[in-house]
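Counting with my numbering, you get residues 26 to 237 for the letters of the sequence shown. C-beta: ideal position from N, C-alpha, C; glycine also. Below is one structure, written out as structure tokens; comments come after it.
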Amino acid sequence: NKEQAPDGYKMFDELTVTRIVESNKSKYLLNGKNATQSAIHDLFKSVSLNVNNPRFLILQGQVTKVSKSKPQEILGLIEEAAGTRMYDQKKAEALKTIAKKDDKLKEIRTTIDTDITPTINKLQQDEQNYKMYTELKKRYKLLNDQLIAYEYWQLITSVKQTEIDVENMELQTNEYQERNEIITEEIKQIHYEVKIIEKERNESEFNTLYHI
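What follows is the structure in structure tokens.
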């Protein structure tokens with residue numbers, strides 16, 4: 026299947042891998058051309074074949090052994106040859122990784138729910154209480170300032186009223202003094218006139234007696 030062929034090999038209808046062992050050394054050919062061992066490994070890996078455990082290759086001398094294998098062992102060979110075993114291994118590893126990440130996420134979620142969220146809620150409550158305290162303190166200061174200003178205004182008003190009352194009393198006192206002086210003068214004048222009248226009367230009586 027060319028659509029599933031590795032990059033660089035889609036133009037070939039067939040890929041042939043050859044291994045030649047000479048003097049305990051391995052030589053690899055890919056479609057008759059020299060290739061490195063790593064290139065061969067990459068080729069097999071690209072089609073999900075495990076070259077480290079090449080059960081998809083049945084070597085000479087193993088045919089009889091394979092034919093006598095148990096059904097489960099043969100199924101394993103078929104899965105390995107089809108590349109599904111490696112896929113299953115990768116899937117199992119991926120599931121383990123996902124499970125570990127899920128456990129880590131659960132741990133993080135537990136930490137958030139049990140530690141961080143309550144702390145944030147407490148801080149928010151503390152912040153709200155602090156804001157309420159600040160607002161009450163501002164309101165208290167405002168009302169206290171208004172009370173002091175009102176008491177000061179009352180004091181100033183009372184002082185001014187007292188000054189006015191004192192001035193009025195002084196005016197009344199002056200008026201009383203002036204009236205008293207006038208009355209005193211009038212009394213003096215009356216006394217003077219009475220004396221004159223008495224004097225005239227006495228003289229008149231004396232003259233009358235003298236003529237008799």
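Worksheet item: What are the boundary residues of the beta strand (DSSP E) that includes residue 45?
Response: Stepping through the sequence shown from its first residue, residue 45 is reached at position 20. Per DSSP, residue 45 belongs to the beta strand (DSSP E) from 42-47.
Discussion item. Quick check: the Cα distance between residue 178 and residue 170, rounded to an integer number of angstroms?
Written reply: Counting from 1 along the sequence shown, the entry for residue 178 is found at position 153. Counting from 1 along the sequence shown, the entry for residue 170 is found at position 145. Straight-line Cα distance between these residues: approximately 12 Å.
Discussion item. Quick test of your reading: residue 68 and residue 56, contact by CB under 8 Å. State the CB separation rounded to the nearest angstrom.
Written reply: The residue labelled residue 68 in the question sits at position 43 within the sequence shown. The residue labelled residue 56 in the question sits at position 31 within the sequence shown. Not quite, the Cβ-Cβ distance comes to about 11 Å (not below 8 Å), so this is no contact.
Discussion item. For residue 88, count the other beta carbons within 10 Å of its own beta carbon; 16 or more makes it buried, fewer makes it exposed. Which is it?
Written reply: Numbered from 1 along the sequence shown, position 63 holds the residue referred to as residue 88. With a pLDDT of only 47 at residue 88, under 50, the local geometry of the prediction cannot be trusted, and no value is derived from it.
Practice prompt. Taking residue 59 as part of the beta strand (DSSP E), name the residues at either end of that continuous run.
Written response: Counting from 1 along the sequence shown, the entry for residue 59 is found at position 34. Segment 58-60, the beta strand (DSSP E) holding residue 59.
Worksheet item: Nearest-angstrom Cα distance between residue 160 and residue 145?
Response: On the sequence shown, residue 160 is found 135 positions in, with the first residue counted as 1. On the sequence shown, residue 145 is found 120 positions in, with the first residue counted as 1. Answer to the nearest angstrom: the Cα atoms are 22 Å apart.
Fill in: residue 34 (DSSP reduced to helix, strand or coil)
For the purposes of this step, residue 34 is taken as residue 9 along the sequence shown, with counting starting at 1. Collapsing the DSSP output to three states places residue 34 in coil.
Discussion item. According to DSSP, residue 50 sits in a beta bridge with which residue or residues?
Written reply: Indexing the sequence shown from 1 puts residue 50 at position 25. Per DSSP, 47.
Worksheet item: Going by DSSP, which residues form a beta bridge with residue 55?
Response: Within the sequence shown, the letter at position 30 stands for residue 55. Bridge partners of residue 55: 42 and 58.
Item to complete: Can you tell me the Cβ-Cβ gap for residue 34 and residue 43, rounded? I've got them flagged as a contact below 8 Å.
Response: By one-based count along the sequence shown, residue 34 stands at place 9. By one-based count along the sequence shown, residue 43 stands at place 18. Not a contact, Cβ separation roughly 15 Å.
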